[in-house]
Amino acid sequence: MSAPSWGRRLLRTCAALLPLVGTAAYGGSAHAAGLAGPDARDVVLVGNSQSGTVSFLDARTFANLGTFDVIPDLQQRLDQMDLIQRTGYAIVKQVEGGDRFVDDVALSPDGRTMYVSRGNLDDTVAYDLATHRQLWRTRLDGFHADHAALSPDGTRWVVSATTANEAQVLDTATGAVVGSFPTGSYPHQNDFTPDGKYVYNSSIGVVSMPQALEFLKGSFQLTKVDAATLKVVKTWSFPHGIRPNVLAADGTTFYTQESYLNGFVRYDLDSARTTATVTMPFSPAGHALAPDSYPKNSAHHGLALSGDQSLLCDVGTIDDYTAVVSTADLSTVGRVDYPTGSLPYWAVAGGQGGRYCFVSLSQADQVSVVDLGTAREVARVPVGVFPQRERLAQLPQSVLDSLSAQG
342 MSAPSWGRRL LRTCAALLPL VGTAAYGGSA HAAGLAGPDA RDVVLVGNSQ
392 SGTVSFLDAR TFANLGTFDV IPDLQQRLDQ MDLIQRTGYA IVKQVEGGDR
442 FVDDVALSPD GRTMYVSRGN LDDTVAYDLA THRQLWRTRL DGFHADHAAL
492 SPDGTRWVVS ATTANEAQVL DTATGAVVGS FPTGSYPHQN DFTPDGKYVY
542 NSSIGVVSMP QALEFLKGSF QLTKVDAATL KVVKTWSFPH GIRPNVLAAD
592 GTTFYTQESY LNGFVRYDLD SARTTATVTM PFSPAGHALA PDSYPKNSAH
642 HGLALSGDQS LLCDVGTIDD YTAVVSTADL STVGRVDYPT GSLPYWAVAG
692 GQGGRYCFVS LSQADQVSVV DLGTAREVAR VPVGVFPQRE RLAQLPQSVL
742 DSLSAQG
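Spelled out as structure tokens, the structure:
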């Protein structure tokens with residue numbers, strides 16, 4: 342490669358990563374019913390970010406059924422990085438507080454193929470679960486692969502290319518990038534509507550900047566995209582980074598946590614206005630923590646709706662608790678407290694029609710299972726190192742038998 346080409350690439354790298362360099366110190370998926378077979382189990386996939394594995398939990402018994410290594414090619418990937426990629430990898434690793442190898446995960450509708458966005462490796466891969474063979478690997482634009490979503494029919498895989506400020510769409514059969522769409526600054530969560538017609542993407546802004554410079558973090562935007570054409574249908578602007586969120590079955594009631602907010606908001610997409618802001622209590626440890634020490638600006642990070650839409654599972658990340666909140670009047674009906682420093686960091690509702698809230702306790706290497714009906718913890722399951730994202734899926738027994746011992 343010529344010197345001018347290297348120079349241009351280096352300039353692009355610096356432009357993408359400049360906000361990180363300057364402030365680094367401040368720091369259920371849908372599936373087609375029955376495709377997995379009559380012997381399929383409802384499972385919760387747990388992405389163990391630091392260990393680079395995915396744990397499979399039985400959604401009914403909560404047992405850890407086994408684990409899958411998603412970075413067997415780690416050294417090969419590191420060895421293949423050029424100077425620009427190594428620079429980006431090193432800076433993102435510093436900002437993330439270490440390696441984050443599993444950002445998001447999903448299973449194909451038949452339960453036989455697993456798709457993973459591999460965070461700091463800035464790529465996404467597909468594995469045949471039965472043979473453990475890597476089917477394809479695709480590197481994304483920018484330097485970090487973030488949240489992802491699988492289309493209900495299993496043909497499209499949407500991944501946020503964080504530092505590139507876009508979401509990229511891949512063909513799940515080949516791993517080829519078939520399109521992309523613009524987002525707000527630092528795109529984060531992606532969600533398909535149940536009918537597969539639309540994708541919602543939310544952005545969090547440049548999280549490495551301190552709270553005092555929030556006006557420089559970029560646009561905090563919810564983007565609605567036509568899944569067939571990848572054209573932006575509508576956007577909504579928020580005053581703060583849009584954290585974990587969930588859209589109610591009515592298609593207009595939007596619940597979301599926001600950067601620095603100890604709680605969540607209810608937002609009406611039709612009228613484009615916040616209809617309620619719910620401030621949750623601080624724990625002593627959370628109250629003592631300065632906002633610039635919140636993990637990636639998140640006070641609360643983890644939000645899920647029960648199957649009947651009557652209850653919200655609100656995860657108090659800095660406060661080490663999970664609160665169960667009634668959607669009728671937004672009152673707290675119960676709370677599960679964890680040991681200080683557990684860092685609860687994500688939530689998904691599943692098992693028995695969405696009766697349970699599965700909460701990843703990142704610093705404890707465990708998943709807490711909360712019965713939403715009683716607001717009590719019914720299980721605590723050991724998983725891998727630094728669990729974060731959790732997704733629902735169905736797993737055939739034949740594939741389950743190929744998993745390694747739990748971890």
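So in this note's numbering, the last spot in the sequence shown is 748, and the numbers never skip.
Glycine included, every Cβ here is placed at the ideal spot set by N, Cα and C.
Please state if the CB of residue j and the CB of residue i are separated by a distance shorter than 8 Å.
i	j	result
D732	G714	The sequence given here has Arg at residue 732, not Asp. In this structure, G714 does not lie closer than 8 Å to R732 by Cβ.
A690	I659	no
V666	V619	yes
Q562	G525	yes
L406	L744	yes
Y686	S703	yes
A688	V656	yes
A568	F533	yes
R730	D445	yes
Is any non-hydrogen atom of the ligand ADP found closer than 7 Å to the C-beta of residue i, if you look at the structure I gave you?
i	result
R441	Of ligands this structure carries none, so the ligand ADP is not represented either.
In or out: residue i buried (at least 16 other Cβ within 10 Å) or exposed?
i	result
P728	buried
T394	buried
Q391	buried
A617	exposed
A645	buried
L448	buried
A404	exposed
L653	buried
W347	With a pLDDT of 39 at W347, under the threshold of 50, the modelled position of this residue cannot be trusted, and the question is left open.
A489	buried
Q738	exposed
D649	exposed
P450	buried
What residue range is occupied by the uninterrupted beta strand (DSSP E) comprising residue i?
i	result
Y468	D464 to D469
Q475	R474 to R480
G691	P685 to G691
E507	E507 to D512
May I have the straight-line CA-CA distance separating residue i from residue j, to the nearest angstrom?
i	j	result
R418	L554	35 Å
N542	V387	21 Å
L376	Q735	9 Å
V722	S600	28 Å
H581	S701	24 Å
Y596	F605	7 Å
L675	R401	Looking at the sequence itself, residue 675 is Gly, so the reference to Leu does not match. About 22 Å.
G692	I425	44 Å
V384	D423	38 Å
L491	Y527	20 Å
D494	D512	12 Å
Going by DSSP, what residue range makes up the alpha helix (DSSP H) through residue i?
i	result
H529	Unbroken run through H529 is the beta strand (DSSP E), P528 to F533; no alpha helix (DSSP H).
E437	L424 to E437
L415	L415 to Q421
A502	Taken as a continuous stretch (DSSP letters only), A502 belongs to no alpha helix (DSSP H), being part of the beta strand (DSSP E) at R497 to A502.
Inter-stretch contact at 8 Å, needing at least 3 Cβ pairs: the segment 425-434 / the segment 450-463: Yes: at least three Cβ pairs fall under 8 Å.
Three or more C-beta pairs below 8 Å linking the segment 624-631 and the segment 587-596: Verdict: no, contact absent.
The segment 503-515 touching the segment 478-487, judged by at least three CB pairs closer than 8 Å: The answer is yes - the segment 478-487 touches the segment 503-515, with three or more Cβ pairs under 8 Å.
The segment 572-582 contacting the segment 675-689, beta-carbon criterion three pairs below 8 Å: With a cut-off of 8 Å on Cβ pairs, the segment 572-582 is not in contact with the segment 675-689, counting fewer than three such pairs.
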